[in-house]
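If you count the sequence shown from 1, you need to add 50 to reach the numbering used here. Cβ coordinates follow ideal geometry from the N, Cα and C atoms, glycine included. Since the model is a prediction, treat every value here as computed from it, not as a measurement.
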Amino acid sequence: MVRIVILVRHAQSVAIGDSALCSASIIIDAEHYIMKKNVQNFLLKWIELLKSVSNDNALMSHVFPQSMPILWFGDFEEYGKSGFKIVTVGLNPSYKEFVERRFEETVIKDFNCKKCCAPDAYYESLNKYFANNPYTKWFVNFEKILQILGSTYGGKMNGGSQSKNCALHVDLMSPFATYPTWGNLCDGMQKRFQEATKGLFEELIILLKPNLIILSCGKKVVSSEFSVLKKINATGALSKFVYGFNWTPKARGCSIKVICGRNMRGTPFGGFTIGNGEGMKKLMEKLRNVK
């Protein structure tokens with residue numbers, strides 16, 4: 051079972067005699083506690099479902115061998131403590147995550163075991179991703195944007211520097227690392243993968259309750275997967291490939307801010323540079339003012 055830890059993060063000055071000292075005052079961060087409690091049920095449910103999907107031989111013939119489905123990348127614990135929660139979103143995990151052995155082989159073998167899977171070990175492997183051996187070349191543009199907006203993936207992506215906000219990465223279309231890559235699968239096979247894990251992305255987003263989603267994909271994917279009522283265009287150089295919109299998941303009443311950028315030949319936000327930082331901040335301000 052995934053361990054549930056109550057977050058204690060409040061210090062209060064308490065007078066004892068003539069001296070004042072800082073004493074830990076136990077204040078439960080309700081949102082984080084509930085999120086931690088809910089992730090246990092989420093993991094147990096989806097691990098079981100994903101293992102059942104693994105029995106579909108036709109589908110698995112398009113999954114990279116000796117891999118496992120990835121529900122998220124990044125430190126769930128630190129994400130839960132963040133004051134401003136950001137989730138970055140791609141299409142599906144890269145098979146290179148497993149070519150270059152970015153996850154422990156014992157966890158992968160355990161997940162693929164027909165009889166059992168230890169949720170604790172799987173949970174920890176996802177949380178330690180950016181601290182261990184992240185696919186830096188692929189995540190670097192997302193990290194640039196995160197730092198501009200006051201967040202980070204943490205770990206080796208920001209050199210171990212401290213930040214009050216920690217982001218997670220999830221995938222929209224499938225948690226499986228396909229081979230060939232997603233864009234090279236036929237439409238019918240893409241649809242089969244989506245049907246196999248229908249509802250996963252939205253359920254995960256509802257669990258994570260992000261303040262902002264940073265999404266990198268083409269217009270075709272946006273139009274099929276999101277209901278965009280009004281686009282908020284970026285200005286300057288960013289206007290060519292970045293825009294924002296509000297998105298309301300079907301099972302959630304309130305909307306989430308989304309910043310979307312192109313995927314250029316497999317590179318998220320291809321063409322983005324630190325010099326585009328002010329434009330990204332201005333787009334974020336415009337999004338904040340949209341109801």
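- Between the beta-carbon of T17 and the beta-carbon of Y145, is there less than 9 Å? Outside the modelled stretch of the chain, which goes from 51 to 341, sits residue 17, for which no answer is possible.
- Message: Relative to the C-alpha of P184, which candidate in L254, E155, L262 and E150 has its C-alpha closest?
- Response: Ranking the options by Cα distance to P184, first place goes to E150.
- Message: Quick check on the burial criterion: 16 or more other C-beta atoms within 10 angstroms. Buried or exposed for L279?
- Response: Burial call: exposed.
- 6 Å CB neighbourhood of Y229 in its chain, flanking five on each side removed: Closer than 6 Å at Cβ, skipping near neighbours: F114 and Y145.
- Message: Check whether the segment 303–318 and the segment 265–273 are in contact - that is, three or more C-beta pairs closer than 8 Å.
- Response: Verdict: yes, contact present.
- Query: Between the C-alpha atoms of M51 and N88, what's the straight-line distance to the nearest angstrom?
  - Reply: Below a pLDDT of 50, predicted positions are generally treated as unreliable, and M51, at 46, falls in that range; the measurement from the model is reported next regardless. Those two C-alpha atoms are separated by around 12 Å.
- Taking D125 as part of the beta strand (DSSP E), name the residues at either end of that continuous run. Run containing D125: none; DSSP gives neither H nor E here.
- Return helix, strand or coil for T285, following the three-state DSSP convention. The three-state secondary structure of T285, taken from DSSP, is coil.
- Message: To the nearest angstrom, how far is the alpha carbon of A181 from that of N296?
- Response: Approximately 32 Å between the Cα atoms of the pair.
- Message: Can you determine whether any heavy atom of the ligand ZN sits closer than 8 Å to the C-beta of K178, and answer yes or no?
- Response: The ligand ZN is not part of the structure shown, which contains no ligands of any sort.
- Can you tell me whether DSSP reads L109 as helix, strand or coil? Under the three-state reduction of DSSP output, L109 falls in the helix class.
- For the alpha helix (DSSP H) holding N177, just list the boundary residues, first then last. For N177, the enclosing alpha helix (DSSP H) has its first and last residue at P169 to N177.
- Counting pairs of beta carbons, one from the segment 247–263 and one from the segment 202–212, are three or more of them closer than 8 Å? Flag = no, the segment 247–263 and the segment 202–212 do not touch.
- Nearest to L257 by CA position, among L99, F189, W122 and K331, is which residue? W122 is the residue among L99, F189, W122 and K331 whose C-alpha sits nearest the C-alpha of L257.
- Item | Straight-line gap, F189 to C216 (C-alpha atoms, nearest Å) | Distance between the alpha carbons of F189 and C216: 14 Å.
- Query: When the distance is taken between beta carbons, is Q244 closer than 9 Å to S224?
  - Reply: A contact, by the Cβ cut-off of 9 Å.
- Message: Closest to F319 by C-alpha separation, out of K101, G140, K86 and W96, would be which residue?
- Response: Nearest of K101, G140, K86 and W96 to F319, Cα basis: G140.
- Under the three-state reduction of DSSP, which class applies to N296: helix, strand or coil? Note: N296 maps to strand in three-state DSSP.
- Name the residue from S132, E193 and I282 whose alpha carbon lies nearest to the alpha carbon of R338. Considering only alpha carbons, the answer is I282.
- Message: Out of K259, M330 and F276, which one is the CA nearest neighbour of T285?
- Response: The shortest C-alpha separation from T285 is found at M330.
- Query: When you compare only the Cα positions, how much space is there between G238 and K270?
  - Reply: The C-alpha of G238 lies about 16 Å from the C-alpha of K270.
- Neighbourhood of V292 by C-beta, 6 Å cutoff - its chain only, sequence neighbours within 5 removed: Sequence-distant partners of V292 (beyond 5 residues in either direction) whose C-beta falls short of 6 Å from its own C-beta, in its chain, are A284 and G311.
- Query: Does the separation of the CB atoms of E154 and L222 fall below 9 Å?
  - Reply: Not in contact: E154 and L222 (Cβ atoms no closer than 9 Å).
- Could you round the C-beta distance between L254 and V220 to whole angstroms and report it? I think they count as a contact, below 8 Å. Contact between L254 and V220 holds, since their C-beta atoms are separated by about 6 Å, short of 8 Å.
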